[in-house]
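Residue numbers (my numbering), protein chains in the order written: chain G, 132 to 611; chain U, 132 to 611.
Think of the CB as a built atom: it goes at the ideal place given N, C-alpha and C, for glycine as much as any other residue.
Please read the structure below before turning to the comments.
There are 2 protein chains.
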Amino acid sequence: MITSADVLVVGAGLAGLTAARAVSQAGRSVIVLEARDRVGGRVVGHPIGDGKIIEMGGQWAGPTQDRILALASELGVQTFPTYDDGAKVLHFRGKRGTYHGAIPRISPLTLVDVARAQARLESLARRVPVDAPWTAPRAEAQDGQTAQTWIRRNTASHAARTLLTLGIEAVFACEPGDISLLHMLFYVRSAGSFQRTIDTTGGAQQDRFVGGSQLIAERLADRLSGRTAGATAAGATAAGATPADGTVVLGSPVRRIRFSDAAVTAETGAGETGAGETGSGQYTGRRIIVSAPPMLAGRISYDPPLPHWRDQLTQRTPMGSVIKCQALYDEPFWRAEGLSGQATGDGEGARIVFDNSPADGSPGVLLGFLEGDEARRLGRRTAAERRQAVLDSFVRYFGPRAAAPAGYAELDWQQEQWSGGCYGTLFGPNVWTRYGHALREPVGPIYWAGTETATTWSGYMDGAVQSGERAAAEVLASLD
Amino acid sequence: MITSADVLVVGAGLAGLTAARAVSQAGRSVIVLEARDRVGGRVVGHPIGDGKIIEMGGQWAGPTQDRILALASELGVQTFPTYDDGAKVLHFRGKRGTYHGAIPRISPLTLVDVARAQARLESLARRVPVDAPWTAPRAEAQDGQTAQTWIRRNTASHAARTLLTLGIEAVFACEPGDISLLHMLFYVRSAGSFQRTIDTTGGAQQDRFVGGSQLIAERLADRLSGRTAGATAAGATAAGATPADGTVVLGSPVRRIRFSDAAVTAETGAGETGAGETGSGQYTGRRIIVSAPPMLAGRISYDPPLPHWRDQLTQRTPMGSVIKCQALYDEPFWRAEGLSGQATGDGEGARIVFDNSPADGSPGVLLGFLEGDEARRLGRRTAAERRQAVLDSFVRYFGPRAAAPAGYAELDWQQEQWSGGCYGTLFGPNVWTRYGHALREPVGPIYWAGTETATTWSGYMDGAVQSGERAAAEVLASLD
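This is the structure we're talking about:
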């Protein structure tokens with residue numbers, strides 16, 4: 132088993148694998164150490180029979196996400212449009228309504244209230260430099276308040292606040308009080324605009340990947356190690372080739388990183404299977420790229436300890452709260468009724484719903500997100516209670532047929548120890564302005580990747596790819 | 132070496148040692164596992180010759196801190212009053228002034244502005260239940276905003292905001308944007324009032340301990356293990372006695388806790404000395420009390436993983452930012468000039484200063500705190516630059532004699548890997564309301580102590596003692 136390489140990479144998600152690929156393509160050897168027994172990180176598929184899967188993690192791509200789309204294309208992973216025909220459902224303040232286009236049928240006063248606040252947000256976001264949000268014109272004031280404070284000040288009605296809160300829950304998997312205004316502005320700026328983060332066609336939810344998004348990570352891992360699909364915890368194959376060999380070692384959480392200026396040792400502990408010392412080992416390299424989110428990077432022990440500005444950053448970068456729930460039906464019955472399968476509501480259960488059926492529309496799949504407080508609340512209940520709450524909400528949106536799915540699957544990302552939550556990192560007040568500079572700054576031979584470190588589409592798969600390419604470039608430059 | 136006991140305790144600070152003592156006194160055996168090569172945690176002394184020390188961590192006690200005072204008394208550690216005679220210095224907006232009593236000589240308008248805001252704060256704080264801040268009447272709104280937001284809304288002048296900010300820096304070692312309003316209210320409520328947290332005589336800084344506060348921890352450890360002072364990494368002595376034997380094992384950071392309902396194994400890694408496998412070991416018990424702050428508790432690996440509400444709590448509990456700096460002079464020259472040695476300022480360097488001379492007034496010691504942004508900023512400079520900035524501020528307060536101390540010592544708590552910062556945990560927005568319930572809730576055989584879990588004097592040494600006693604009582608009840 133190979134335990135030494137030019138570059139070590141912590142994490143076999145899209146960021147880590149992209150970094151490893153770039154390192155390998157430059158003729159340097161690389162070992163990717165992954166805690167889980169699979170690659171993909173926050174991107175994972177769930178088989179539903181007939182060779183089909185549903186995505187349980189990150190799944191969409193859209194306009195301007197050029198990096199993830201190019202990567203998928205190169206790897207032969209095709210896209211198809213998210214189902215977006217027909218009417219959308221809004222269940223708001225106890226009433227259900229349907230609408231076409233972007234504007235729900237609610238009180239014009241509320242619509243104006245929301246539109247005005249959103250226009251202000253978009254305007255403020257345009258002034259936030261994505262590579263250094265702490266230099267924004269009013270960074271200090273914007274970072275010292277929560278998004279909740281800003282929304283309360285910039286809306287006239289409770290209804291508008293509720294709708295904007297739904298938007299934040301959907302985009303961040305948290306409540307408006309969890310993040311600073313500056314973080315909200317940075318995040319939507321890195322995506323282009325708030326509108327783009329919430330749109331389906333024309334936005335971040337426009338397209339899906341045939342076979343599921345995890346396929347991209349699996350093919351990256353396969354090409355890296357020169358093996359075919361089904362990588363397991365094992366070493367590399369033939370040595371000496373160019374591009375250099377890469378190895379992906381599964382079930383090997385990195386627990387400790389010991390380093391000097393020019394060398395690094397990564398110690399791995401037992402994997403999540405809890406199988407005693409399985410997976411424990413030592414790997415050495417000249418550089419290491421940590422692609423885990425900052426919070427998880429902070430749970431690795433460093434010897435010597437990291438500078439306090441980096442350590443205190445990782446103390447202040449919690450993950451979001453989301454449970455992804457999907458119900459399978461014999462057919463997407465809502466389509467025949469002229470509904471898109473997209474729904475939004477302010478009640479209990481799933482507040483954001485999509486038609487998540489496979490490309491051929493069979494089976495019919497409704498995807499509901501439990502986000503922020505609903506994820507926290509229902510995450511403490513039994514799986515049966517949670518399922519019932521989700522199906523109850525589906526019934527409110529789509530009628531009684533939704534009550535009896537043929538199948539059901541959920542993934543509570545809060546309970547995933549190797550993610551700590553999803554979709555991504557929440558920057559609360561005074562984190563960007565006090566610690567943002569430490570997000571990408573290398574420490575000796577240690578470099579940082581992961582979608583949180585991206586400047587475009589931070590928090591998305593596209594940002595993961597950007598971050599991997601950037602970190603690899605930094606490492607390769609340092610090795611020249 | 133004894134590696135099994137009824138109860139394991141993680142951390143030999145005041146909370147862990149107090150818990151261990153209570154367990155031992157009840158006739159149960161206990162092993163305390165400490166990462167550092169010393170006991171005391173955030174309480175530590177620094178020898179300055181002649182058998183004297185200066186306190187580099189927590190050091191004061193005051194009225195209503197009955198637990199720490201009783202414990203010290205029982206252990207034969209005496210108190211003496213913090214030097215509080217003479218005038219105080221305020222260097223504000225470029226001007227130096229002195230004053231007696233509680234009211235500085237500044238614009239009456241500013242004083243009224245501050246007093247009004249403080250009165251509102253005290254009033255709001257009185258309505259926060261210390262055992263469940265999330266049930267406060269306006270908890271949702273108070274937790275959704277930062278203390279900074281509240282201060283901006285409740286003051287009329289920039290000068291008042293600056294003074295309140297100084298107060299928060301002094302009490303929390305952070306900036307007002309770092310914490311939620313609800314946390315500020317909880318914290319001062321748990322101390323009695325905001326006034327009590329900032330007062331010297333009559334408040335939290337009233338008294339000091341002869342020989343230094345660490346003496347309390349050292350004597351606790353000595354009595355626990357039936358040994359004399361100078362405990363090192365070693366096992367216990369005679370077995371079978373009542374109270375049951377206790378062992379304090381130094382240099383043994385707990386890296387992993389494996390548990391079932393009735394048994395627990397703590398795996399320790401190498402200590403901070405970085406000496407390879409030194410200190411690694413396995414300890415077993417029926418229960419375990421983790422007394423490390425939540426953030427550090429979150430960096431321990433748990434098998435099985437903890438429930439997500441506990442894990443996400445530990446992602447959201449960063450430590451404060453403080454560097455404690457002390458300059459030694461042949462004599463406390465400021466006393467002869469009618470000055471108390473206490474100073475406050477809004478400039479660079481130390482913004483809060485105390486006379487920290489030993490009980491007999493020799494040598495003269497000025498203690499300056501770098502807190503919040505100043506700790507973060509100066510923590511990135513060299514030790515020489517930091518020292519200069521602190522001495523420059525001392526000169527502004529006390530004149531040119533302060534420029535040339537006979538000795539100087541500092542401790543940057545941000546860089547202490549086994550604390551992660553000081554004084555304590557900062558609860559940002561939406562943490563108390565979303566995760567507060569998980570702060571003390573046991574998980575199987577795992578119980579939680581540490582001053583952050585206290586309901587009275589949370590964040591202080593007194594709170595540490597309360598938390599240790601409470602956790603021990605929970606464990607003992609579960610063992611009956």
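Span of the alpha helix (DSSP H) around residue i
| i | result |
| --- | --- |
| S598 (chain G) | 592 to 610 |
| Q345 (chain G) | 345 to 356 |
| Y566 (chain U) | 563 to 566 |
| G147 (chain U) | 145 to 156 |
| R507 (chain U) | 504 to 509 |
| P463 (chain U) | From DSSP, P463 (chain U) is part of no alpha helix (DSSP H); its letter is neither H nor E. |
| L570 (chain G) | Note, L570 (chain G): premise wrong, no alpha helix (DSSP H); not H, not E. |
Residues near residue i by beta carbon distance below 6 Å, same chain, minus five either side
| i | result |
| --- | --- |
| L557 (chain G) | C305, D309, I310, P449, G451 |
| A615 (chain G) | Because chain G in this structure spans residues 132 to 611, residue 615 (chain G) falls outside the shown range and cannot be described. |
| L200 (chain G) | A192 |
| A150 (chain U) | V140, I420, A580, G599, A602, A603 |
| L294 (chain U) | V245 |
| P424 (chain G) | T556, G581, E583 |
| V302 (chain G) | T328 |
| Q345 (chain G) | G171, V174, V175, G176 |
| S609 (chain U) | none |
| G594 (chain G) | T582, A585, W588 |
| E398 (chain G) | R386, R387, Q413 |
| P536 (chain G) | A458, L459, Y460 |
Integer-rounded CB distance, given that residue j should sit under 8 Å from residue i
| i | j | result |
| --- | --- | --- |
| L145 (chain U) | I347 (chain U) | 7 Å |
| G377 (chain G) | S155 (chain G) | 4 Å |
| R78 (chain G) | E505 (chain G) | With chain G represented from 132 up to 611, any question about residue 78 (chain G) goes unanswered, as that position is not in the structure. |
| G538 (chain G) | I179 (chain G) | 7 Å |
| T210 (chain G) | A203 (chain G) | 7 Å |
| G559 (chain U) | S524 (chain U) | 29 Å between Cβ atoms; not a contact. |
| F317 (chain G) | P264 (chain G) | 4 Å |
Extent of the continuous beta strand (DSSP E) run through residue i
| i | result |
| --- | --- |
| V319 (chain G) | Run containing V319 (chain G): none in the beta strand (DSSP E); it sits in the alpha helix (DSSP H), 312 to 322. |
| P425 (chain G) | Run containing P425 (chain G): none in the beta strand (DSSP E); it sits in the alpha helix (DSSP H), 425 to 429. |
| T293 (chain U) | Careful: T293 (chain U) lies outside any beta strand (DSSP E), inside the alpha helix (DSSP H) at 289 to 303. |
| Q457 (chain U) | 453 to 460 |
| H177 (chain U) | 176 to 180 |
| W579 (chain G) | 577 to 579 |
| V421 (chain U) | 412 to 421 |
| I234 (chain U) | From DSSP, I234 (chain U) is part of no beta strand (DSSP E); its letter is neither H nor E. |
| R512 (chain G) | No beta strand (DSSP E) contains R512 (chain G), which DSSP labels as neither H nor E. |
| L557 (chain U) | Careful: L557 (chain U) lies outside any beta strand (DSSP E) and carries neither H nor E. |
| A136 (chain U) | 135 to 141 |
| R441 (chain U) | First-last for R441 (chain U): 439 to 446, but that is the alpha helix (DSSP H), not the beta strand (DSSP E). |
Close beta carbons around residue i, own chain, < 7 Å, minus the five adjacent residues each side
| i | result |
| --- | --- |
| K183 (chain U) | P489 |
| I234 (chain U) | L242 |
| R236 (chain G) | G228, Y230 |
Residue i Cβ short of 8 Å to the ligand ADP heavy atom set
| i | result |
| --- | --- |
| Y433 (chain U) | The ligand content of the structure shown is nil, which means the ligand ADP is not present either. |
Residues bridged to residue i (per DSSP)
| i | result |
| --- | --- |
| A218 (chain G) | G:L470 |
| R224 (chain G) | Answer by DSSP bridge pairing: none, since R224 (chain G) is not bridged. |
| D486 (chain G) | G:L497 |
| G400 (chain U) | Per DSSP, none; premise fails for G400 (chain U). |
| R389 (chain U) | U:T396, U:D434 |
| G377 (chain U) | U:V161 |
| I184 (chain G) | G:P178 |
| E541 (chain G) | G:C456 |
8 Å CB neighbourhood of residue i in its chain, flanking five on each side removed
| i | result |
| --- | --- |
| R257 (chain G) | R320 |
| T134 (chain U) | I162, G412, Q413, Y414, T415 |
| R227 (chain U) | V220, L221, R527, Y528 |
request  = Could you tell me whether the stretch 157 to 176 of chain G touches the stretch 318 to 335 of chain G, using the rule of 3 or more Cβ pairs below 8 Å?
outcome  = no
inquiry  = Quick check: the stretch 205 to 223 of chain G against the stretch 473 to 480 of chain G, are at least 3 beta-carbon pairs closer than 8 Å?
reply    = The stretch 473 to 480 of chain G makes contact with the stretch 205 to 223 of chain G; the number of CB pairs closer than 8 Å reaches 3 or more.
message = Whether or not the stretch 532 to 549 of chain G and the stretch 452 to 468 of chain G are in contact is what I'm after, with contact meaning three or more pairs of Cβ atoms, one per stretch, closer than 8 Å; do they touch?
response = yes
ask   = Okay, do the stretch 432 to 449 of chain G and the stretch 539 to 547 of chain U touch, 3+ Cβ pairs below 8 Å being the bar?
value = yes
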